[in-house]
Amino acid sequence: MQSRPRRRTLISSTFIDMIRHILIIFCFFGLRLLGFGQSNFTVTSTEAASVLHGAYNPSTYALGTLALAPSEISEDIVNRLNADSLQAYIVALASFENRNTGSDTLSATRGIGAARRWVYASFERYATQSNGRLVPTYFQFDQAICGMAQHRNILAVLPGMDTANHQIILIEGHMDSRCDTPCDTVCLAQGVEDNATGTALVMELARVMAQNEYPHTLVFMVTIGEEQGLYGAGAFAQYADQEGLPIKAVLNNDVIGGIICGQTSSAPSCPGLNAIDSTQVRLFSSGGFNSAHKQLARYVKWQYQEELSPIMNATSGWKSVPMQVSIMAAEDRTGRGGDHIPFRQRGFSAIRFTSANEHGNASNGPGYADRQHTSNDILGVDTDGDNEIDSFYVDFHYLGRNALINANAAVMVAYAPTSPIIEVIQAKEDSNGTVQVEVHVSSPAPMHRVMLRTTQNDFDTVTALSSDTSIWVTAPTIANVYFVSACAATLQSDGHRLESLFSQEKMILAGQVGIEEQMDLPKPTALFTLLQNRPNPFDESTWIGIHAAAQIQEEYGEICITDMAGRLIKVLPITLHAGVNEVLYRHGYGEVGTYNYSLFIRGTCLESKKMIFAN
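Each position in the sequence shown, counted from 1, maps to that position plus 266 in the working numbering.
Written out as structure tokens, the structure is:
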């Protein structure tokens, strides 16, 4: 067969460039639309919309009786919160059988529509019980999800009393459930652990916390679309960003009531199949040095230890059981993501509460035998044959304690004074090799304290309260790097204290590079200094830091991870600017041992260090 002669077409370079630019623009905006196509945001209650925007009269929503002190509010919440209520909510949510985002909206008994109306009616009931102080509303948005074009989150808004400083604290959990396939709208998907537990927690806190008033506005939000791509939270985060809503803290609750390990739980989690943990809760958040999200997580833990724990210890029964609040290095479990992430992406401080143990992971592939994201995510089993569930997969008392930690955090954030500004003045090393750091604290508050940490996500040491503006803190261990922050505090008439959110951190480089902020010591001579990873040893992921000298505007580098035999495991690109730069290395789970990490700039290895994977 004779081939056809090829026709030559002349196209100008200008035209080609135009086409290229059009394609680039299409790819950028088109992908944004595909991934973040929420639009037509509507707060269905004009009253709730006004409160969210700060356009309301707080006296309208004030209590008729004398308002309680913050410590009394936390104690009141401890007394009012009911584990039986949590159980009743979860039983009701499970009864809707399938709460997939795209499931039935017309049935009175089954599907996302029936579940959504039930939650809204519950918020309306709590509004009546609070004499109209709680304002229920839907947050409606357009987004193509599982064959449905329009969706609704459910909100209960509790107006704050501070007219001079309108801020919002958001407590959230997603309501939608799923089976193996994200858009299976007809399967049995009771979604008890994931995430009737988080929804129940939000509902119970709306009921209980509406009985008191707070300086800042509290928003209790139940979202949808989490299982398909965090759409419900993403829509509200986008709305909050566009409208300039002053969200101070986001407390996301997802998979928060289960206590039993599965076979394939997403790391970091679960010491072994069927292991039980009803005393630990994990806080996931983004960032390392100077992360507002990590600082919020530390604040939640600190306020539990200092303020809430004594109140709970004074009770009896399940509320008095001590809890361990664990600050996790990663933003979420391996391969997973939660509704705190869209808020973090838009600059709002956000963290996730998750059970210590969970029964599932990110994949439902071959060999998957856990309950999460299957039809087996149910209430429990009947062990004695009386057709009544008597062995529950969710520990309602454990869920209640996690709810109390949420509530206390919200109370403390709502009443917190302004965070201080700090400056590292000097650092001294005594004859015993102990490093002491002097920190100057600037704040109108009468008292302050300083926090210092080294390689851990938690603080290594916290100073006692002091009225001095210059505070010395002793480093408990010798390290390469120290991170210092502070909080402001006021003492209440009942002896309790109110503490601000922790300030931004200051970094101190010690050892071979001197003290970064000490004016009478030389600055680091190296353009780039590889810092010790933290935490170290680590269990799934760890932060690797590089300090770049002040004259560095922008440089591109790579962190290369190798085993002790020199085999390359991973390459992490990083853009470096003056100051501390960090990259998160997710190791996953595998062979325990020591690994090398090296800093490469323009193909040259500048420095290497060792790190230990211990779990």
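Each residue gets a CB set at the ideal place from its N, CA and C atoms; glycine is no exception.
If we call anything under 7 Å between Cβ atoms a contact, is residue i one with residue j?
{"i": "F609", "j": "V547", "result": "no"}
{"i": "F555", "j": "E848", "result": "yes"}
{"i": "I490", "j": "G498", "result": "yes"}
{"i": "F794", "j": "M773", "result": "no"}
{"i": "T310", "j": "Y392", "result": "no"}
{"i": "G626", "j": "G528", "result": "yes"}
{"i": "S736", "j": "E704", "result": "yes"}
{"i": "S245", "j": "T451", "result": "Residue 245 lies beyond the stretch modelled for the chain, which goes from 267 to 881, so this question has no answer here."}
{"i": "P683", "j": "T756", "result": "yes"}
{"i": "R444", "j": "N519", "result": "no"}
{"i": "I691", "j": "H706", "result": "yes"}
{"i": "D661", "j": "I525", "result": "yes"}
{"i": "L764", "j": "Y659", "result": "no"}
{"i": "F666", "j": "L352", "result": "Sequence check: residue 666 is Gly here, not Phe. Yes. Within cutoff."}
{"i": "V485", "j": "V423", "result": "yes"}
{"i": "G615", "j": "A558", "result": "The amino acid occupying residue 615 in the given sequence is Ser; Gly does not appear at that position. Closer than 7 Å, so yes."}
{"i": "S532", "j": "A628", "result": "yes"}
Compute the Euclidean distance between the alpha carbons of residue i and residue j, then round it to the nearest angstrom.
{"i": "S708", "j": "Q770", "result": "13 Å"}
{"i": "P324", "j": "M427", "result": "5 Å"}
{"i": "I378", "j": "D442", "result": "7 Å"}
{"i": "T729", "j": "K560", "result": "19 Å"}
{"i": "N882", "j": "S388", "result": "This structure leaves residue 882 out entirely; the chain is present only between 267 and 881."}
{"i": "T530", "j": "T375", "result": "33 Å"}
{"i": "G631", "j": "T640", "result": "12 Å"}
{"i": "A837", "j": "T463", "result": "The sequence shown places Val at residue 837, not Ala. Their Cα atoms are separated by approximately 38 Å."}
{"i": "P839", "j": "A880", "result": "24 Å"}
{"i": "E873", "j": "Q722", "result": "22 Å"}
{"i": "S396", "j": "E313", "result": "16 Å"}
{"i": "Y863", "j": "L797", "result": "10 Å"}
{"i": "R382", "j": "Y327", "result": "26 Å"}
{"i": "K876", "j": "N746", "result": "13 Å"}
{"i": "T465", "j": "A815", "result": "47 Å"}
{"i": "V779", "j": "A792", "result": "In this prediction, V779 scores a pLDDT of 30, lower than 50, which makes its location untrustworthy; no coordinate-derived value is stated."}
{"i": "A741", "j": "L511", "result": "39 Å"}
{"i": "S552", "j": "G439", "result": "18 Å"}
{"i": "D652", "j": "D350", "result": "21 Å"}
Strictly under 7 Å for the Cβ-Cβ distance: is residue i near chain D by that measure?
{"i": "Y570", "result": "Any reference to chain D falls outside this structure, which holds one protein chain only."}
Would you give the residue range spanned by the alpha helix (DSSP H) that residue i belongs to?
{"i": "R383", "result": "378-395"}
{"i": "R610", "result": "607-611"}
{"i": "V357", "result": "349-361"}
{"i": "P336", "result": "336-346"}
{"i": "P576", "result": "575-579"}
Report the residue from the options whose alpha carbon sits nearest the alpha carbon of residue i.
{"i": "V566", "options": "M678, R599, N642", "result": "M678"}
{"i": "E341", "options": "G368, D350, Q477, Q304", "result": "Q477"}
{"i": "L767", "options": "A741, I691, A676, Q758", "result": "A676"}
{"i": "G761", "options": "D520, S337, N698", "result": "S337"}
{"i": "V474", "options": "A415, Q638, T394", "result": "T394"}
{"i": "L842", "options": "Y822, Y851, G613, M830", "result": "Y822"}
{"i": "S621", "options": "V423, I607, Q590", "result": "Q590"}
{"i": "I513", "options": "N461, T483, S552, F804", "result": "T483"}
{"i": "I835", "options": "I812, Y861, R800", "result": "Y861"}
{"i": "N623", "options": "L549, T371, V647", "result": "L549"}
{"i": "V858", "options": "F866, F307, P803", "result": "P803"}
{"i": "P588", "options": "Y664, D507, I827", "result": "Y664"}
{"i": "M401", "options": "I827, L318, R719", "result": "Note on residue identity: the sequence assigns Val, not Met, to residue 401. Nearest option by C-alpha distance: L318."}
{"i": "S361", "options": "G457, R868, H417, R564", "result": "G457"}
{"i": "E459", "options": "I542, Y505, I356", "result": "I356"}
CB-CB under 7 Å to residue i, same chain, minus the five flanking residues each way: which ones, in chain order?
{"i": "Y322", "result": "S316, P425"}
{"i": "G603", "result": "L496"}
{"i": "V344", "result": "I577, M578, T581, K585, L670"}
{"i": "L574", "result": "S340, L670, I671, N674"}
{"i": "G320", "result": "H432"}
For residue i, which residues of its own chain have a beta-carbon under 6 Å away from its beta-carbon, when the five flanking residues on both sides are left out?
{"i": "I818", "result": "A844"}
{"i": "L517", "result": "I437, N672"}
{"i": "E479", "result": "L329, A333, M427"}
{"i": "V647", "result": "S657"}
{"i": "C871", "result": "S864"}
Residue range of the beta strand (DSSP E) that residue i falls in?
{"i": "G500", "result": "Here G500 belongs to no beta strand (DSSP E); instead the alpha helix (DSSP H) covers 497-509."}
{"i": "G464", "result": "Unbroken run through G464 is the alpha helix (DSSP H), 463-475; no beta strand (DSSP E)."}
{"i": "N630", "result": "First-last for N630: undefined, no H or E at that position."}
{"i": "H559", "result": "That residue, H559, is in no beta strand (DSSP E); its alpha helix (DSSP H) goes 558-569."}
{"i": "I688", "result": "687-695"}
{"i": "L764", "result": "763-765"}
So, at 8 Å on beta carbons, what are the nonlocal neighbours of residue i in its own chain, with the 5 sequence-adjacent residues on each side left out?
{"i": "T331", "result": "none"}
{"i": "A596", "result": "P534, F550, E806, S807, L850, R852"}
{"i": "M830", "result": "G859, T860, Y861, N862"}
{"i": "Q758", "result": "A335, P336, S337, L764"}
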